[in-house]
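Worksheet: the structure to be examined is printed underneath.
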Amino acid sequence: MNATTDTPVLRLKGVNKRFGGVVAANDVDLDLPPGIITTLVGPNGAGKTTLFNLITGNLKPDSGLIELRGQSLAGVDPRNAALRGIARSFQDLRLFEQMSVFENVLSVMERSALPWQPGGRAAARARREKADATLDMVGLTGWRDARAIDLGYAEQKFLSLARILVTDASLWLLDEPASGLDPASYDRFVKLVRGRLSEGITICLIEHNLDIVHGISDRIAFLDQGTVLAAGEPRTILNDPKLAAIYFGERR
Amino acid sequence: MLLLQLLVDGLQLGALYALMAVGFAIIFGSTRVFHYAHGTTYIIVGYLFYYMTERAHVPWWLAAALAACAGVIFGVALDRYVYRPIQRDEGSFFTVFVASFGVGVVAENLVIILFGASFVSISTPLTRANDIGGGIVISWLGIASMLVAVALFAFLNWFLGRTDVGVALRALSENPELVRGFGLNPRKLSQYAFAIGSLLVVPAALVATCVTGLTPTAGHRVVLISIAASIIGGIGSLRGAGLGGLILGLAESLAVWKLSTGWSEAVAFIILFCFILARPSGLFGTRARV
Amino acid sequence: MVGYILNLLILVSISGILAGSLNFIIGYAGIYSMAHAAFFGIAAYTGALIAMHVSTSLLVAIPVAMALCAILSLVISLPSLRVRGEYFVVASLGLQMIAFTVFSEWKEVTGGLGGITGVPVATLFGFRLRSLESFLAVSLFCLAFVTLVIYVLARTSFGRNLKAIRDNEVAAAAFGKNPTFIKTIAVAISSALCGIAGVLYAFHVSFVNPESFTVDQSVLIMAMIIIGGTGTVFGPILGALIIHLLPAGLTYLTFLPARELASLQQIIYGAAMVLLMIYRPSGLIGRANIKDTWSK
Chain P
-7 MNATTDTPVL RLKGVNKRFG GVVAANDVDL DLPPGIITTL VGPNGAGKTT LFNLITGNLK
53 PDSGLIELRG QSLAGVDPRN AALRGIARSF QDLRLFEQMS VFENVLSVME RSALPWQPGG
113 RAAARARREK ADATLDMVGL TGWRDARAID LGYAEQKFLS LARILVTDAS LWLLDEPASG
173 LDPASYDRFV KLVRGRLSEG ITICLIEHNL DIVHGISDRI AFLDQGTVLA AGEPRTILND
233 PKLAAIYFGE RR
Chain H
15 MLLLQLLVDG LQLGALYALM AVGFAIIFGS TRVFHYAHGT TYIIVGYLFY YMTERAHVPW
75 WLAAALAACA GVIFGVALDR YVYRPIQRDE GSFFTVFVAS FGVGVVAENL VIILFGASFV
135 SISTPLTRAN DIGGGIVISW LGIASMLVAV ALFAFLNWFL GRTDVGVALR ALSENPELVR
195 GFGLNPRKLS QYAFAIGSLL VVPAALVATC VTGLTPTAGH RVVLISIAAS IIGGIGSLRG
255 AGLGGLILGL AESLAVWKLS TGWSEAVAFI ILFCFILARP SGLFGTRARV
Chain U
839 MVGYILNLLI LVSISGILAG SLNFIIGYAG IYSMAHAAFF GIAAYTGALI AMHVSTSLLV
899 AIPVAMALCA ILSLVISLPS LRVRGEYFVV ASLGLQMIAF TVFSEWKEVT GGLGGITGVP
959 VATLFGFRLR SLESFLAVSL FCLAFVTLVI YVLARTSFGR NLKAIRDNEV AAAAFGKNPT
1019 FIKTIAVAIS SALCGIAGVL YAFHVSFVNP ESFTVDQSVL IMAMIIIGGT GTVFGPILGA
1079 LIIHLLPAGL TYLTFLPARE LASLQQIIYG AAMVLLMIYR PSGLIGRANI KDTWSK
């Protein structure tokens, strides 16, 4: 998989964010090329989730610009981000716990605040069918009517993915979506995610486990203490001893 | 001059409101409990004081002390037997609130059964108005209550700034994330919070019993003023709560210049609405947005 | 005796509407409003005034009261739904207090503490609803209507939106929902449905005064939901039934002093609320674990 030279779907340039004395993002430049999976890696507290929060508008950058397909994301809030085609998953999943698995997936497609959705009955039926099809894809059909909170860990991870799959977003920001999955589940997960790339989706993952990063990434960006230390081919980054030292905690 | 008189009255009222508000803010800040029964503490103290002086003929200073103790015990007991069990079971904000409200309902109705539903008050020469010049009148009780307020605030200043427990309480108020992981024993800390918070209600209760009279439903207004003051001053700021109380007292008193007493009581809540609309973090607040 | 039972059932129907409409926002959306009695009162006064000056037809009074309540609900929704949920509780309490002051002080309109008396008999399509039986039929119909509306809404995308916001507002927003707008609409619907109860009440007892619309009344409605259970459509109605039957039941315990019965009931509700919150927060019906909506 080559790193492409097409215009990036997402571009961060000179993004800064501080919380009091803590530098969460330090002059970050990052491009997400289209149609590939870029993975953000780095030790805990490196600022990876912060970048996601800055992109989706949960946090406002102190300075710098963030552009989605050339258009600025300044002033955007999470809802706007979703409307502009960004889908985001959370490290702590944030499932709708009291709702059923089916409802979790269906509800994601129901954005209108009014007591009815556009499109009438035909569209409603199409949404239900799509929800069922997506549950089938992730293997949760057997759990369709169970409450999300009653699911096991792996099933919950797949439900979180299902919610992303069912949107028509073109940029996915997935925060440690597969952490803790057993190898078989992990493979199934990667296949599902990769399968969408051909449809023009761009994906950015945060992944903690360096062992599995290699298999899933087309491109890697290494962060530490809010700074992008390196970005490029997975092989180069993962074999760099300096970065490994930082990751495993041997600081200067 | 009427306006000046209203100002003086407002300062008296504001001092008492400030105390109640800070009491609530200390409790809410360090335990995150929406202590609606703060108003119940008020009527317990007030009615006990009334009973002991009017019916049992206990000397007023002893009655006041006993009533204060009762208030403190009530607050601490509520924490131990109601709030903590709920919070242990992952009780939500609202579960605690409903329980607190339930306690208030029970207490309010017990008072109705024991004392009837209309006003009770104590007549004392301390409430007689004295002219202090320029046509401004103030009662000894009014002066006393302002002095007590000042004394209590000075005490708080020392306590919250110099003692371990006090510093911990203040830090927790401003940083609730610390609540779980703080070094000091959280149980003891919340006991202190409820004890002090409840104590701060005592002056207002005693004064009301002598001046305006008590009714069983007075508790609602007390706690709402305390909450309003905390929001206006800014959640997380104890000084803010005090200032908020002072502002509300002044506003309510000055409102009488143009409005009837009935309407002036609503002024506090109108100010509350304005703050929620325009500046939910209050004057000195630290966080308010979702 | 029959009249007594009919009267009781009418009151239960009205309370059922109050409890059901409040449960719509508390149970499904996790929005805790303490101002329900205020809307109840606003609708009651509106109904009384319309009956005395415009028309005694329910088909006029009810829609007007519903619209007024929905619009006035924006007074608490707009400021407080943008910020943390706790503010909404406080704002609703504040509105409740302001409403009581308005009911007591705006003498030209509300008649002050004395209230409005002599509300004429309700009419429907020209028929005067003079008998208790006819009024009960109308009340039950309204209860069924409100329950149906809530049931249908809960099962549609709107219900799912409410539950999504209740369960995880951040995630809901991240998927493109507009929590503030959805909550505002939910509160407006809840207030409007509550308005139906207010109009029925005004016609039934034929007078309105501020005492019926205090914080204690809001508490009573809350108690119905808590005791009956927040998770289902019928829980609130059961709660309403229990709360209304309790006084009747208490009168059979002749050793209790009659004067104090009202206070004793309140003590029982208060104690029930405390105990339920400690041991079974979701009430008698309804699921055993309730989602902590305010957790961070």
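Protein chains in written order, with the numbering used here: chain P, -7 to 244; chain H, 15 to 304; chain U, 839 to 1134. Using N, Cα and C, we set each Cβ at its ideal position, and we do this for glycine too.
Tell me, to the nearest whole angstrom, how far the beta carbon of residue i is from that of residue j; I am working on the premise that it is less than 8 Å.
i, j, result
"residue 18(H)", "residue 210(H)", "No, residue 18(H) and residue 210(H) are not in contact; Cβ-Cβ is about 34 Å, not under 8 Å."
"residue 232(H)", "residue 56(H)", "7 Å"
"residue 992(U)", "residue 866(U)", "6 Å"
"residue 973(U)", "residue 1065(U)", "About 26 Å separates the two Cβ atoms, so there is no contact after all."
"residue 71(P)", "residue 98(P)", "Actually they are not in contact, since the Cβ atoms of residue 71(P) and residue 98(P) sit about 19 Å apart, beyond 8 Å."
"residue 875(U)", "residue 1052(U)", "6 Å"
"residue 119(H)", "residue 84(H)", "With 8 Å as the limit, residue 119(H) and residue 84(H) do not qualify as a contact, their Cβ atoms being about 19 Å apart."
"residue 100(P)", "residue 155(P)", "5 Å"
"residue 1071(U)", "residue 948(U)", "Wrong, their Cβ atoms sit about 34 Å apart, outside the cutoff."
"residue 839(U)", "residue 116(H)", "Contact flag wrong, Cβ pair sits at about 34 Å."
Using C-beta distances below 7 Å, list every residue in its chain close to residue i, excluding the 5 sequence neighbours before and after it, in chain order.
i, result
"residue 958(U)", "889, 890, 894"
"residue 54(P)", "8, 9, 10"
"residue 1125(U)", "Residue placement at residue 1125(U) is poorly supported in this model, since its pLDDT is 45, which falls under 50; the coordinates still yield a value, given next. Taken in chain order, the residues that qualify are 1069."
"residue 167(P)", "41, 44, 81, 82, 83, 198"
"residue 243(P)", "Residue placement at residue 243(P) is flagged as unreliable, the pLDDT there being 47, under the threshold of 50; the coordinate-derived value follows with that caveat. Once the five neighbours on either side are set aside, residue 243(P) has no close Cβ partner at all."
"residue 952(U)", "1047"
"residue 1134(U)", "Only weak support exists for where residue 1134(U) lies, its pLDDT of 24 falling under 50; the value from the coordinates is given anyway. Cβ within range, chain order: n/a, list empty."
"residue 234(H)", "53"
"residue 34(H)", "214, 215, 218, 236, 239, 240, 259"
"residue 5(P)", "21, 56, 57"
"residue 288(H)", "none"
Excluding five sequence neighbours on each side, which residues of the same chain lie with their C-beta closer than 6 Å to the C-beta of residue i?
i, result
"residue 226(P)", "206, 209, 212"
"residue 232(P)", "none"
"residue 206(H)", "179"
"residue 981(U)", "851, 854, 855"
From the DSSP output, which residues share a beta bridge with residue i?
i, result
"residue 92(P)", "139(P)"
"residue 4(P)", "22(P), 58(P)"
"residue 224(P)", "212(P)"
"residue 145(H)", "151(H)"
"residue 295(P)", "Since the first residue of chain P shown is -7 and the last is 244, residue 295(P) is not available in this structure."
"residue 973(U)", "According to DSSP, residue 973(U) bridges with nothing at all."
"residue 962(U)", "965(U)"
"residue 895(U)", "961(U)"
"residue 9(P)", "17(P)"
"residue 134(H)", "228(H)"
Quick one: residues in its chain with C-beta nearer than 8 Å to the C-beta of residue i, no 5 flanking neighbours on either side, listed in chain order?
i, result
"residue 1(P)", "24, 25, 26, 60, 61, 162, 163, 194"
"residue 1129(U)", "With a pLDDT of 40 at residue 1129(U), under the threshold of 50, the modelled position of that residue is not reliable, and the figure given next carries that caveat. Cβ neighbours of residue 1129(U) beyond the five flanking positions: 868, 1004, 1005."
"residue 976(U)", "896, 960, 962, 967, 1038"
"residue 931(U)", "872, 873, 1053"
Residue j and residue i - do their beta-carbons sit closer together than 7 Å?
i, j, result
"residue 884(U)", "residue 906(U)", "yes"
"residue 886(U)", "residue 936(U)", "no"
"residue 995(U)", "residue 63(P)", "no"
"residue 208(H)", "residue 87(H)", "no"
"residue 1032(U)", "residue 878(U)", "yes"
"residue 290(H)", "residue 918(U)", "yes"
"residue 27(H)", "residue 267(H)", "yes"
"residue 1011(U)", "residue 1017(U)", "yes"
"residue 203(P)", "residue 38(P)", "no"
"residue 110(H)", "residue 100(H)", "yes"
"residue 132(H)", "residue 142(H)", "no"
"residue 248(H)", "residue 203(H)", "no"
"residue 218(P)", "residue 93(P)", "no"
"residue 157(H)", "residue 67(H)", "no"
"residue 1061(U)", "residue 1107(U)", "yes"
"residue 1104(U)", "residue 1085(U)", "no"
Residues of chain B with CB under 7 Å from residue i, in chain order?
i, result
"residue 64(P)", "Absence of chain B from the displayed structure is noted, the protein chains being P, H and U."
### Query
Taking three-plus beta-carbon pairs below 8 Å as touching, is the stretch 39 to 50 of chain H in contact with the stretch 220 to 230 of chain H?
no
Okay, do the stretch 1064 to 1078 of chain U and the stretch 246 to 266 of chain H touch, 3+ Cβ pairs below 8 Å being the bar?
no
Item to complete: Check whether the stretch 848 to 857 of chain U touches the stretch 906 to 921 of chain U, taking contact to mean three or more Cβ pairs, one atom from each stretch, closer than 8 Å.
Response: no
Taking contact to mean at least 3 C-beta pairs separated by less than 8 Å, is the stretch 1045 to 1053 of chain U in contact with the stretch 1092 to 1104 of chain U? no
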